[in-house]
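Here the structure comes first, spelled out in structure tokens, and everything after it is commentary.
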Amino acid sequence: MKLPGKTIFWYLVFLLLGFSIIFFNQLGWLGWWQRLTQPTLISLHSSSNHLKNNFNLFGDATRFCSDQSERISVLEEEVAQLTGVLSQLEACQEEIKATRRLLGAPLPAEWQFLPVKIFKIESSFFIDQGKKAGVELGWPLIYENVYLGKVIEVQEQVSKLELVSQEGSKVSTKIKSTEGIQAKGILNGLGKIQAEVSQILAQETVEKGDLVVTAGDESIPPDLALAKVEEVIKEKNEVYQKAKVRLLIDPEQLTIVFLITER
Amino acid sequence: MKIVIPLFLILGLSLIQTTFLPINFLLILVIVFSLGKKAPESFLWAFLGGLFLDLFSFKQFGFSAVIFVSFDFFLKLYRQRFSLDHPLMVSFVLIVSYLLYSWLTGREIRVWEGLILLFILLSIRFLRKELFFSSLGKEGNRLKL
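Chains F and E are the protein sequences, given in the same order.
Take the first sequence: its letters are residues 5 to 267, numbered as in the numbering used here.
Take the second sequence: its letters are residues 9 to 153, numbered as in the numbering used here.
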């Protein structure tokens, strides 16, 4: 079971090359490369996310099947120009709308925000700002007064996020009932907009419709909304009870969100 | 053409994988190239595939390249000892590679994705049997590298 020496030699060469790239990247020597490629890739991913959310199979099929004539091509050119302008206006409008919502949210006046675009690649979420905009690890991400997640990796022009909705994420929370009772628990992401709050003491009263908010720690501000309780799972003789919750916002539907830069 | 087609295939698949269809097509490509091409060519394509994937998905640059090249190497090693004639062996190789890649890169493991990849690889096996069936009779199933 021995491979020829040539195969082993080339394997080691490529392995060395791969590790060198990782090493140089860690040292930041490939920053120029990221600065060069990331802006184009960000717009590519933003457009593909936008397309995925507004996919129209019939419309696309008819467009491809329609006869090509001079008149149509002239009109199409005009439409393309106008669509470009329109998409720019839409992006501005969306940003204004999100900013208005943020201004209307009950958040402390001294907090500073950075508007960012959010997009998904495979199962990971990213924002279109990184080291260049001064983004730092652990910065919280919100939409209105709803906590979405935090920054876990910063690159030149993009940053990777860990969202509350993602499987494996954990956030310490408080559950506020209508009578003002606050039970403590840990919110565990399960993927999509379903989640679970565990480690709630059995003697605490939790009911359907109660609001789940952040308990607050070093990086996460307290009292930011998270989810609503849908079902309480209580078992006899257990120290803790659980609650199935529905997150208030599906991040996949958002385009503009805000990073809290100062508080 | 020998270079252009694989290059465009890798570029296109990594783009599709990271934008519209989050299915690990490049893993299939690495397996097929590993079976059909000799070293160092197969290593080169595995390496480039990994680099493109890292570039398009903002992952640690070079990480997938190292993993894909290693997959290629271990698959060559595996074929020295075992045969890939049987669909079950092909399935085994794919499942192990898929789980290992997902675990190493922190990628979500999805049953439907695994099934689609399995379907694609088994289809390739039926269409391009010569890649999977070794032709070395007495010597067993060794692949000439």
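Using N, Cα and C, we set each Cβ at its ideal position, and we do this for glycine too.
Can you give me the C-alpha to C-alpha distance between LYS45 of chain E and LEU108 of chain E, rounded to a whole angstrom? On the second sequence, position 37 is the one that residue 45 of chain E refers to. On the second sequence, position 100 is the one that residue 108 of chain E refers to. Answer to the nearest angstrom: the Cα atoms are 23 Å apart.
Three-way DSSP call (helix, strand, coil) for ASN58 of chain F in this model: On the first sequence, residue 58 of chain F is found 54 positions in, with the first residue counted as 1. It is coil, neither helix nor strand.
Output the boundary residues of the beta strand (DSSP E) element that contains GLU266 of chain F. Looking up residue 266 of chain F in the first sequence gives position 262. Looking at the DSSP string, the run of the beta strand (DSSP E) that includes GLU266 of chain F is 260–266.
What residues in its chain sit with their C-beta under 6 Å from that of LEU118 of chain F, if we drop five residues either side in the sequence? Counting from 1 along the first sequence, the entry for residue 118 of chain F is found at position 114. Beyond the five residues adjoining it in sequence on each side, LEU118 of chain F comes within less than 6 Å, by CB distance, of LEU263 and THR265 in the same chain, given in chain order.
Within 10 Å of its beta-carbon, does PHE62 of chain F have 16 or more other beta-carbons around it, so buried, or fewer, so exposed? Counting from one through the first sequence, the residue named residue 62 of chain F turns up at place 58. At PHE62 of chain F the pLDDT is 49, less than 50, meaning the model places this residue with poor confidence and gives no usable figure here.
Just to confirm, are SER50 of chain F and LYS121 of chain F a CB contact at a threshold of 8 Å? The residue given as residue 50 of chain F occupies position 46 in the first sequence. The residue given as residue 121 of chain F occupies position 117 in the first sequence. Closer than 8 Å, so yes.
Please classify LYS121 of chain F: does DSSP put it in a helix, a strand, or coil? Counted from its first residue, the first sequence places residue 121 of chain F at position 117. Secondary structure at LYS121 of chain F: strand, using DSSP grouped into helix, strand and coil.
Once DSSP output is grouped into helix, strand and coil, what is the label at PRO43 of chain F? Position 39 of the first sequence, counting from 1, holds the residue named residue 43 of chain F. Here PRO43 of chain F carries a helix assignment [DSSP, helix/strand/coil].
Could you name the residues that DSSP lists as bridge partners for ALA73 of chain E? Position 65 of the second sequence, counting from 1, holds the residue named residue 73 of chain E. Under DSSP, ALA73 of chain E shares a beta bridge with no residue.
Would you report the Cα separation of LEU284 of chain F and LEU230 of chain F, rounded to the nearest angstrom? Nothing about residue 284 of chain F can be reported from this structure: the residues present for chain F run from 5 to 267 only.
What in chain F is Cβ-close to VAL40 of chain E, meaning under 9 Å? The residue given as residue 40 of chain E occupies position 32 in the second sequence. Using a Cβ-Cβ cut-off of 9 Å, VAL40 of chain E is close to nothing in chain F; its nearest Cβ partner there is about 18 Å away.
Relative to the C-alpha of LEU167 of chain F, which candidate in F:GLY153, F:GLU208, F:LYS10 and F:ILE179 has its C-alpha closest? Against the first sequence, residue 167 of chain F aligns to sequence position 163. Of the candidates F:GLY153, F:GLU208, F:LYS10 and F:ILE179, the one whose C-alpha sits nearest the C-alpha of LEU167 of chain F is F:GLY153.
The beta strand (DSSP E) spanning THR161 of chain F covers which residue range? Walking along the first sequence from the start, residue 161 of chain F turns up at place 157. In the sequence as presented, Thr is not what sits at residue 161 of chain F; that position holds Gln. Taken as a continuous stretch (DSSP letters only), GLN161 of chain F belongs to no beta strand (DSSP E), as it is neither H nor E.
Are any of the Cβ atoms in chain E nearer than 8 Å to that of PHE130 of chain F? As a position in the first sequence, residue 130 of chain F is number 126, starting the count at 1. It does; some Cβ of chain E falls within 8 Å.
Would you kindly report the start and end of the unbroken alpha helix (DSSP H) that includes GLN25 of chain E? For the purposes of this step, residue 25 of chain E is taken as the residue at position 17 of the second sequence. Secondary structure note for GLN25 of chain E: its alpha helix (DSSP H) is the uninterrupted segment 12–27.
Per-residue burial, ASP80 of chain E [other beta carbons within 10 Å of its own, 16 or more giving buried]: Here residue 80 of chain E refers to the residue found at position 72 when the second sequence is read from its first residue. Burial is judged here by how many other beta carbons sit within 10 angstroms of a residue's own beta carbon; ASP80 of chain E has at least 16 and is buried.
In terms of DSSP beta bridges, what is ASN192 of chain F paired with? As a position in the first sequence, residue 192 of chain F is number 188, starting the count at 1. Looking at the DSSP output, ASN192 of chain F bridges to F:LYS174 and F:GLU200.
Just the C-alpha distance for LEU7 of chain F and LEU34 of chain E, rounded to the nearest angstrom, thanks. The residue given as residue 7 of chain F occupies position 3 in the first sequence. The residue given as residue 34 of chain E occupies position 26 in the second sequence. Straight-line Cα distance between these residues: approximately 24 Å.
Where GLY193 of chain F meets chain E, residues with beta-carbon distance less than 8 Å: Within the first sequence, numbered from 1, the residue matching residue 193 of chain F stands at position 189. Under the 8 Å cutoff, chain E gives no residues; its nearest Cβ is about 12 Å from GLY193 of chain F.
Proximal residues of chain F, C-beta to C-beta of PRO14 of chain E below 7 Å: Position 6 of the second sequence, counted from the first residue, corresponds to residue 14 of chain E. Per Cβ cutoff of 7 Å: no residues; PRO14 of chain E is ~16 Å from chain F at best.
What residue does the beta strand (DSSP E) around LEU145 of chain F start on, and which one ends it? The residue labelled residue 145 of chain F in the question sits at position 141 within the first sequence. Looking at the DSSP string, the run of the beta strand (DSSP E) that includes LEU145 of chain F is 144–147.
If we define contact as Cβ-Cβ less than 8 Å, is GLN159 of chain F a contact residue for chain E? Sequence index remark: in the first sequence, residue 159 of chain F carries index 155 (1-based). So, interface residue.
On the DSSP bridge list, what partners appear for TYR86 of chain E? Position 78 of the second sequence, counting from 1, holds the residue named residue 86 of chain E. When DSSP reads this structure, TYR86 of chain E sits in no beta bridge, so it has no partner.
Range of the contiguous alpha helix (DSSP H) that encloses PHE100 of chain E: For the purposes of this step, residue 100 of chain E is taken as residue 92 along the second sequence, with counting starting at 1. Where PHE100 of chain E is concerned, the enclosing alpha helix (DSSP H) starts and stops at 95–113.
Who are ARG250 of chain F's beta bridge partners in DSSP? Along the first sequence, read from residue 1 onward, the residue named residue 250 of chain F stands at position 246. Beta-bridge partners assigned by DSSP to ARG250 of chain F: F:GLN198 and F:LYS232.
When the Cβ atoms of the segment 47–66 of chain E are set against those of the segment 15–26 of chain F, are three or more pairs found closer than 8 Å? Two segments are said to touch when three or more pairs of C-beta atoms, one from each, lie closer than 8 Å; by this definition the segment 47–66 of chain E touches the segment 15–26 of chain F.
Chain F contacts from the segment 62–76 of chain E (Cβ-Cβ distance under 7 Å): The residues in question are LEU63, PHE64, SER65, PHE66, GLN68, PHE69, GLY70, PHE71, ALA73 and VAL74.
Put LEU125 of chain E into one of helix, strand or coil per three-state DSSP. As a working mapping, residue 125 of chain E is identified with position 117 in the second sequence. Three-state result, LEU125 of chain E: helix.
On the premise that THR218 of chain F lies in contact with GLU98 of chain F, defined as a C-beta separation below 8 Å, what is that separation, rounded to the nearest angstrom? Translated into positions along the first sequence, residue 98 of chain F becomes position 94. Translated into positions along the first sequence, residue 218 of chain F becomes position 214. Here GLU98 of chain F is actually not in contact with THR218 of chain F; their C-beta atoms are around 26 Å apart, not less than 8 Å.
Whose Cβ in chain E lies nearer than 8 Å to the Cβ of TRP143 of chain F? Locating residue 143 of chain F in the first sequence gives position 139, where the first residue counts as 1. Taking a Cβ-Cβ threshold of 8 Å, none of the residues of chain E is close to TRP143 of chain F; the smallest such distance is about 17 Å.
Note down, in chain order, each residue of its chain lying with its Cβ closer than 6 Å to the Cβ of GLN170 of chain F, except the 5 sequence neighbours on either side. On the first sequence, position 166 is the one that residue 170 of chain F refers to. Hits under 6 Å: GLY193.
Near TYR106 of chain E, what residues of its chain come up, given a Cβ to Cβ distance below 7 Å and the 5 sequence neighbours on each side ignored? By one-based count along the second sequence, residue 106 of chain E stands at place 98. Same-chain partners within the cutoff: ASN32, LEU35, GLY122 and LEU125.
Pull up the distance between the alpha-carbon of VAL83 of chain F and that of SER73 of chain F, whole angstroms please. Residue numbering aside, residue 83 of chain F sits at position 79 when the first sequence is read from its first letter. Residue numbering aside, residue 73 of chain F sits at position 69 when the first sequence is read from its first letter. The straight-line gap from Cα to Cα measures roughly 15 Å.
Determine whether the Cβ of LYS45 of chain E lies closer than 8 Å to any Cβ atom of chain F. For the purposes of this step, residue 45 of chain E is taken as the residue at position 37 of the second sequence. So no, LYS45 of chain E is outside the interface.
Is the beta carbon of LEU112 of chain E sitting closer than 8 Å to the one on PHE64 of chain E? As a working note, residue 112 of chain E is residue 104 in the second sequence. As a working note, residue 64 of chain E is residue 56 in the second sequence. No, the pair does not count as a contact, with Cβ atoms beyond the cut-off.
For THR44 of chain F, count neighbouring Cβ atoms within 10 angstroms of its own Cβ and tell me buried if that reaches 16, exposed if not. As a first step, residue 44 of chain F must be located in the first sequence, where it is residue number 40. Its Cβ having fewer than 16 others within 10 Å, THR44 of chain F is exposed.
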